[in-house]
Amino acid sequence: MSRTRTERLVNLVICLLSTRRFLTAAQIAATVPGYEHDPEDPKDHEAFQRKFERDKSELRELGVPLETGAASAFDTEPGYRIARRDYALPDIPLAPDEAAAVGIAGRLWQHAGLAAAASSGLAKLRAAGVDVDPQATLGVEPIVRVDPTFAPLTAAARDRRTVAFDYRVVEQDAATSRRLQPWGVVCWRGRWYVVGHDLDRGAPRCFRLSRVVGAVRVTGRPGGYEPPRDLDLISYVARFSGPIERTGRATVLVRRGRAAGLRRWAQETTPGAEFDRVVLRYADVDFIATQLVGYGPDVRVVEPPEVRDAVIQRLKETAARHDSTPVPA
658 MSRTRTERLV
668 NLVICLLSTR
678 RFLTAAQIAA
688 TVPGYEHDPE
698 DPKDHEAFQR
708 KFERDKSELR
718 ELGVPLETGA
728 ASAFDTEPGY
738 RIARRDYALP
748 DIPLAPDEAA
758 AVGIAGRLWQ
768 HAGLAAAASS
778 GLAKLRAAGV
788 DVDPQATLGV
798 EPIVRVDPTF
808 APLTAAARDR
818 RTVAFDYRVV
828 EQDAATSRRL
838 QPWGVVCWRG
848 RWYVVGHDLD
858 RGAPRCFRLS
868 RVVGAVRVTG
878 RPGGYEPPRD
888 LDLISYVARF
898 SGPIERTGRA
908 TVLVRRGRAA
918 GLRRWAQETT
928 PGAEFDRVVL
938 RYADVDFIAT
948 QLVGYGPDVR
958 VVEPPEVRDA
968 VIQRLKETAA
978 RHDSTPVPA
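Counting in this note's numbering, the sequence shown runs from 658 upward without gaps.
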């Protein structure tokens, strides 16, 4: 269903709920945005009638109790209305602290760029008789900063569409391209993360939105995948973005003016004539060796032996693959 048609249906429901008398099709056309037409033009009027019939059928399929009747015995044209008693929401009991929490959620999403959705949600609760105070804070003032990629990634997760983006990590100079099937966007410790299935790694991953470089590119069709059931995004982000115990200590020589990404990761740096002496903390030998190999001759490992050996082994494997590559005639 298109956005224009959805808005027209919503306006039609509001119109028919706001009156106790039956409204004719002509009265609805003059009241509800989206039904504007020239009743004197046969083709234009016929188009309106087809549109109105489709919308009535759509409302009935959605379970909206659309009644047909006449406002008086003198009316020859049928009218329409929605009975409030059949369409009313059940009572939604909320304790004062729960109502205050709803108010905080509304303010949070307003900060996150979804003010229209927040206003709509609060309006529905008020319509149901719930006293919601959007200014209530429970002693907490939410501070939310939204990254530019928040909206496109949220929309992609909602529509189940694959995206691509460039992503930069602290240990690397250049951003790398990622393809992701996003499952959702969550806030953890004041930062926004997107969680999904990384198509290049073939495994679930989470990415901090502030490290996405440039624009998010939507590459997949709507409904292109299904996220896992019973997925707890917050728990996933907390597990994979928590602090890493870097108990290892590696000393490397870094050529002057090179490996800026590695330098941001450094714990200590001692300037030298051609190479600077850099001390790095690490948690996993394989991980740090993979990072160091990427800088080629600009980085040399001094210690410990386990890191040095791991880097040498990777260099040998790279050289072997290069030597085994057939040279075209």
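All C-beta atoms in this analysis are idealised placements derived from N, C-alpha and C, irrespective of residue type, glycine included.
Which ranges does the beta strand (DSSP E) cover as unbroken runs of at least 3 residues, wholly within the stretch 893-934, from first to last along the chain?
The qualifying runs are 905-912 and 923-927.
Could you give the first and the last residue of the continuous beta strand (DSSP E) run that contains D823?
V820 to Y824
Where does P954 fall in DSSP's three states?
helix
Residues in its own chain within less than 8 Å of L837 by CB, not counting five upstream and five downstream?
T819, V820, A821, F822, V851, G853, H854, D855, L856, R862 and F864
Is the beta carbon of V942 less than 8 Å from the beta carbon of V909?
no
Name the two residues that bound the continuous alpha helix (DSSP H) containing H702.
P699 to E718
Is DSSP giving R817 helix, strand or coil here?
coil
Would G953 be called buried (16 or more neighbouring beta carbons within 10 Å of its own) or exposed?
exposed
Closest by CA to F709, which one among A727, P699, I685 and T725?
I685
Along the chain, where does the beta strand (DSSP E) that runs through A872 open and close?
V869 to V875
Classify I945 as buried or exposed, calling it buried when 16 or more other Cβ atoms lie within 10 Å of its own Cβ.
The residue is buried, with at least 16 neighbouring Cβ atoms inside 10 Å.
Taking just the CA atoms, how far does A813 sit from L716?
28 Å
Identify every residue that forms a DSSP beta bridge with S834.
According to DSSP, S834 shares a beta bridge with D823.
Please state the DSSP three-state secondary structure of D941.
coil
If you follow the alpha helix (DSSP H) that A687 is in, where does it begin and where does it stop?
A682 to T688
When burial is assigned at 16 or more other CB atoms within 10 Å of the CB, is I739 buried or exposed?
Looking at its Cβ environment, which holds 16 or more other Cβ atoms inside 10 Å, I739 is buried.
To the nearest angstrom, report how far apart L972 and L937 are at their CA atoms.
20 Å
Please classify V870 as buried or exposed, where buried requires at least 16 other C-beta atoms within 10 Å of its C-beta.
exposed
Identify, in the order they occur along the chain, each residue of the same chain with its Cβ nearer than 6 Å to the Cβ of R825, setting aside the five sequence neighbours on each side.
A832, R868 and V870
Within 10 Å of its beta-carbon, does T926 have 16 or more other beta-carbons around it, so buried, or fewer, so exposed?
exposed
Taking G881 as the reference, give the member of R678, R920, R815 and L888 with the closest Cα.
R815
If you run the structure through DSSP and keep just helix, strand and coil, what is T725?
strand
Who pairs with G853 in a beta bridge, going by DSSP?
P839 and R862
Cα-Cα, which of D889, S675, E883 and R835 is closest to L998?
No answer is possible for residue 998: it lies beyond the span of the chain, which begins at 658 and ends at 986.
Tell me which residue opens and which closes the beta strand (DSSP E) that Y737 is part of.
G736 to I739
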